[in-house]
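Chains as they are written, first to last, in the numbering used here: chain V, 43 to 585; chain W, 43 to 585. For every residue, glycine included, the Cβ atom is placed at its ideal position computed from N, Cα and C. Predicted model only: the values in this text are computed from it and were never measured.
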């Protein structure tokens, strides 16, 4: 017996057509380099995106060709999200926070044919232009200045193209639409290629009520860069559901974000912990009667905010909750589209105390639908879901990568039975809440026992004198490895190694788990995505 | 270039595993024939469902074999939803409201191998048993009585099966999981076969925040029968998200539903207009100080309720809204899984008046993601989305049927370019709201102009003396067709054809649109799904 259902491929083009038909009156707002706001209807977005697709087809873009973007978050970047795939191309978002040499290497590795770039980012382009020759550099006049004639002008291309009679490039649902390189904290960046199918499925799952919970009446502010795993995929969802978007452009300083949130209050926002931390600190400082910013800002009470990219401290969740904003922590990777787990309120916790709710919110959360997740021990078996036994997280599903672009399948990234090895170490409890304890590469093996660097860091960071702290392993002749703590003190604060050891003992650590060495440093090095870059610390403290 | 995403088939088994892993503590409540409640955990559901699958495999169920169900809404029926596909079978829900001969014909047409039946429905089975021989009749002891030894006992089968070591039947995502026959208002019922893929996609789309908006903390009461297009697909969603379910069993009388809603207040419910109408009338009557039920019931304020299966009158939406319950109207068919459109609050209507909001809520709504919808005129072209030009609705998408089981593709149900012809006549406005004006077969063509039977019916039903009314076409020598109105008066009420014609003129109808004939009848015949059965009226009034 066969199903009688239609064979209808999943397609981003469907979302675009939907937006043009149903939501043409809703709004897309972008903050320009001069901080003014550009307002834009979904109808304009629809017509401009089809014009972009027609223009790219006219430039000879062939099926599967890569078009790189080097852009902030704004309406034209959104047009690339849909216009490049509509023409059969693959949008490759370049990360403007990487070193220029790395950007050039990545563009070369991806064999990008064209580049769409914000005019304000041309100085960055010039630093890596010698590493990869794009056939065409298309400049988006984000600042409003005229585009140099040696480049193609994005607006002129759109104006000349015939979007109305454009026909979508035929495609299968497994055909690629976008690619993104991993941040490469532990080696060369590697390309992950998303398909129509994986993107639609991820969009549907992320939009569910317990997660982004997107509604047509929402106002969405994606602060997470559109070059980090497609801003976690939420621009696709906003187009599917006709959600008003407010893009911050290049203005990501806390004061700028607070200004924008006060002018265009979002009901949903996405960000990383470091930015959210400085944002709430700036807001709370402005509440002091003698602050120069007193009364300048309103925080949008009731806003749902998804925070990820790095572990979200419980203190941050409590701080936002004081202002009526609940942070939802998510965990994932470029390889996973990225949403894998999210910490959301569960029916089973209805009677739980506030402390218990905060504790859960500070965990990585529960696997989302279509993602299978398991925790594997050293010997390869599944660990029990007891909330304490740790192992490596492995994931599988239709929006999880099964390989990397132009990289032979590496044994250490995929298991023999086809699961992705995430390199994150975690336990899972009986409700399915994942608690990340470390990266496999950061675990400290001392005398045959594991010590979690993340647990030590969190405990050290709860000391009142500490701004931030990172713990790494150093080789040890007797114990194989021992922990070393790198501590950044708050301005003017003082504390000794002895103080910290006493603090850790009081927090329940065993004596053998305590670091012998505490190094005082100016700042913890971070990757372009805001994560602690322990590779750099290991280079600095090799023993 | 190829996408690097994993090939991972969509599968109902994933939802079942998910429910067992993550939600084992949440609850499933079923009302038994004696009106007591049976409580059941998701953990039990998971283990029992796997036992059912193991039992079916043990009985020799082969890939693609049909297992019929003849059941009310309860936990064991839910087990069939997942257990039959887990064993590789296809769940075929039989409609217990059909005439016994029709049920027998349908079981024969579907070539059902096994039957799972509620013990309380055995008398119905005995009326059609001679029409189709099931290899095995498995009786669910819903009433608690012992099962006659000539049948297999559902509970005994589960108790003997080894669910723990059961292994899911391998499958592709396009493999079938369930089938349902159309209600057959205009001919023989026809089988629609759903797949893993279509079911998962429909589940994700329906669960979105603007539609069912299901959350893990919800309490769901599906009053819509599980044999009507799988209770509109919501049981799959509730399992995916771990939502507590409250099943009404066989007790669908307004007083029973109000009792259940008072004991186990739902936050989400699904029903058809006829039942919802009698429910709100019973509730409002109970508010009178002299009512025997005064103070007996509480309506769950804030409950979201999806209503469909037939047009939802604006008066019903207003009535529920007075009690803090907003009805979401949906439109679809067995052929469409069924969700095609839903009327939900749109950003563009934020400033709209209450009247405008009610008017929109009484429309069929806006197409959901993954459903493409167009309105075709007589000459085959797309009609403009102007809110007034009508044509036939045609739909396409991955959860829309592309054929019928064992029926050659009929030209009149599918267009040459692969769209399903729904047979519903509608207009669409600029915001994408669909307004159904008629069935193609019920439209009245008079003197070359169309008259909408639905518009006439609604206007007649707004007359204070009228309980219900249906309008059909009768042949006319001069005008080709003319409308004839069949009217059911309220008990004790009186009104004449002249009164109705004056009422219709006052409602803006043109003179030539008014029916010449008004026939007073006792009741409008209805199909098993609660729709006006105009075929029967046309037989009664052939001219």
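Cβ distance (whole Å) where residue i is taken to contact residue j below 8 Å
{"i": "residue 182 (chain V)", "j": "residue 219 (chain V)", "result": "Actually they are not in contact, since the Cβ atoms of residue 182 (chain V) and residue 219 (chain V) sit about 20 Å apart, beyond 8 Å."}
{"i": "residue 384 (chain V)", "j": "residue 349 (chain V)", "result": "That belief does not hold up - the Cβ atoms of residue 384 (chain V) and residue 349 (chain V) are roughly 10 Å apart, past 8 Å."}
{"i": "residue 527 (chain V)", "j": "residue 566 (chain V)", "result": "Incorrect: roughly 11 Å between the Cβ atoms, too far for contact."}
{"i": "residue 240 (chain V)", "j": "residue 47 (chain W)", "result": "4 Å"}
{"i": "residue 250 (chain W)", "j": "residue 279 (chain W)", "result": "Going by Cβ atoms, the distance from residue 250 (chain W) to residue 279 (chain W) rounds to 10 Å, so no, they are not a contact pair."}
{"i": "residue 95 (chain W)", "j": "residue 176 (chain W)", "result": "Actually they are not in contact, since the Cβ atoms of residue 95 (chain W) and residue 176 (chain W) sit about 19 Å apart, beyond 8 Å."}
{"i": "residue 321 (chain V)", "j": "residue 290 (chain V)", "result": "Wrong, their Cβ atoms sit about 11 Å apart, outside the cutoff."}
{"i": "residue 484 (chain W)", "j": "residue 472 (chain W)", "result": "Rounded, the Cβ-Cβ distance is 27 Å, inconsistent with contact."}
{"i": "residue 389 (chain V)", "j": "residue 151 (chain W)", "result": "In fact, because the Cβ distance is near 41 Å, the residues do not count as touching under 8 Å."}
{"i": "residue 254 (chain V)", "j": "residue 310 (chain V)", "result": "6 Å"}
Within chain W, partners of residue i - CB distance below 7 Å
{"i": "residue 82 (chain V)", "result": "In chain order: nothing, as chain W lies at least about 15 Å away."}
{"i": "residue 246 (chain V)", "result": "246, 247"}
{"i": "residue 405 (chain V)", "result": "Within chain W, no residue comes near residue 405 (chain V); the closest Cβ sits about 14 Å away, beyond 7 Å."}
{"i": "residue 288 (chain V)", "result": "Near residue 288 (chain V) there are no residues of chain W at all, since even the closest Cβ is about 13 Å away, more than 7 Å."}
From the options, residue whose alpha carbon lies closest to that of residue i
{"i": "residue 441 (chain W)", "options": "W:425, W:370, W:413, W:562", "result": "W:413"}
{"i": "residue 577 (chain W)", "options": "W:556, W:537, W:516", "result": "W:516"}
{"i": "residue 531 (chain V)", "options": "V:481, V:502, V:291", "result": "V:502"}
{"i": "residue 306 (chain W)", "options": "W:113, W:445, W:262", "result": "W:262"}
{"i": "residue 146 (chain V)", "options": "V:339, V:111, V:132", "result": "V:111"}
{"i": "residue 480 (chain W)", "options": "W:506, W:490, W:405, W:423", "result": "W:405"}
{"i": "residue 129 (chain V)", "options": "V:283, V:107, V:137", "result": "V:107"}
{"i": "residue 39 (chain V)", "options": "V:489, V:491, V:484, V:538", "result": "Nothing about residue 39 (chain V) can be reported from this structure: the residues present for chain V run from 43 to 585 only."}
{"i": "residue 399 (chain W)", "options": "W:377, W:356, W:375", "result": "W:356"}
{"i": "residue 117 (chain W)", "options": "W:510, W:323, W:352, W:267", "result": "W:267"}
{"i": "residue 63 (chain V)", "options": "W:508, W:363, W:426, W:483", "result": "W:426"}
{"i": "residue 287 (chain V)", "options": "V:79, V:174, V:395, V:551", "result": "V:79"}
{"i": "residue 430 (chain V)", "options": "V:401, V:168, V:387, V:476", "result": "V:476"}
Interface residues of chain W facing residue i [CB-CB closer than 9 Å]
{"i": "residue 143 (chain V)", "result": "Per Cβ cutoff of 9 Å: no residues; residue 143 (chain V) is ~24 Å from chain W at best."}
{"i": "residue 262 (chain V)", "result": "Chain W residues near residue 262 (chain V): none, gap ~11 Å exceeds 9 Å."}
{"i": "residue 237 (chain V)", "result": "44, 45, 46, 47"}
Chain-ordered neighbours of residue i on chain W, where CB pairs are closer than 8 Å
{"i": "residue 68 (chain V)", "result": "389, 390"}
{"i": "residue 284 (chain V)", "result": "388, 389"}
{"i": "residue 508 (chain V)", "result": "Within chain W, no residue comes near residue 508 (chain V); the closest Cβ sits about 36 Å away, beyond 8 Å."}
Partners in chain V for residue i, counting only beta-carbon separations shorter than 7 Å
{"i": "residue 224 (chain W)", "result": "Here the premise fails: no neighbours, minimum Cβ distance about 12 Å."}
{"i": "residue 257 (chain W)", "result": "251, 252"}
{"i": "residue 401 (chain W)", "result": "Under the 7 Å cutoff, chain V gives no residues; its nearest Cβ is about 18 Å from residue 401 (chain W)."}
{"i": "residue 120 (chain W)", "result": "None at all; the shortest Cβ gap to chain V is about 17 Å."}
{"i": "residue 63 (chain W)", "result": "474"}
Interface partners of residue i on chain V, CB under 8 Å
{"i": "residue 588 (chain W)", "result": "Residue 588 (chain W) is absent from the structure shown; chain W starts at 43 and stops at 585."}
{"i": "residue 158 (chain W)", "result": "Chain V residues near residue 158 (chain W): none, gap ~18 Å exceeds 8 Å."}
{"i": "residue 522 (chain W)", "result": "Chain V residues near residue 522 (chain W): none, gap ~35 Å exceeds 8 Å."}
{"i": "residue 411 (chain W)", "result": "56, 57, 60, 246, 282, 283"}
Residue i CB to nearest heavy atom of the ligand NAP below 7 Å
{"i": "residue 462 (chain W)", "result": "The model depicted lacks the ligand NAP and carries no ligand whatsoever."}
Partner residues on chain V for residue i, Cβ-Cβ distance less than 9 Å
{"i": "residue 414 (chain W)", "result": "50, 56, 59, 60"}
(message) Check whether the region 465 to 475 of chain W and the region 431 to 451 of chain W touch, using three or more Cβ-Cβ pairs below 8 Å as the test.
(response) yes
(message) With three or more C-beta pairs closer than 8 Å as the rule, is the region 96 to 112 of chain W touching the region 185 to 205 of chain W?
(response) yes
(message) Tell me which residues of the region 201 to 217 of chain W have at least one Cβ-Cβ distance to chain V shorter than 8 Å, keeping chain order.
(response) 216, 217
(message) With three or more C-beta pairs closer than 8 Å as the rule, is the region 341 to 358 of chain V touching the region 209 to 224 of chain V?
(response) no
(request) Pull out every residue of the region 358 to 377 of chain W whose Cβ sits closer than 7 Å to any Cβ of chain V, in chain order. (result) none
(message) Residues of the region 425 to 451 of chain W in Cβ contact with chain V at a cutoff of 8 Å, in chain order, please.
(response) 427, 438, 439, 440, 441, 442, 443, 444, 445, 446, 447
(message) Give me the subset of the region 330 to 362 of chain V whose CB atoms are less than 8 Å from a CB atom of chain W, sorted by chain position.
(response) none
(request) Decide yes or no for the touch test of the region 492 to 502 of chain W against the region 87 to 95 of chain V: beta carbon pairs closer than 8 Å, at least 3 of them. (result) no
(message) For the region 119 to 126 of chain W against the region 53 to 66 of chain V, do three or more pairs of beta-carbon atoms, one drawn from each stretch, fall closer than 8 Å, so that the two count as touching?
(response) no
(message) Any contact between the region 71 to 81 of chain W and the region 414 to 422 of chain V? By contact I mean 3 or more CB pairs, one from each, below 8 Å.
(response) no
(request) Give, in chain order, every residue of the region 88 to 113 of chain W whose Cβ lies closer than 9 Å to some Cβ of chain V. (result) 105, 106, 107, 108
(request) Would you be able to state if there are at least three C-beta pairs under 8 Å between the region 369 to 379 of chain W and the region 325 to 332 of chain W? (result) no
(request) Could you name the residues of the region 126 to 152 of chain W whose beta carbon sits closer than 8 Å to any beta carbon of chain V, in the order they occur along the chain? (result) 132
(request) Quick one: which residues of the region 178 to 192 of chain W get their C-beta closer than 9 Å to a C-beta of chain V? List them in chain order. (result) none
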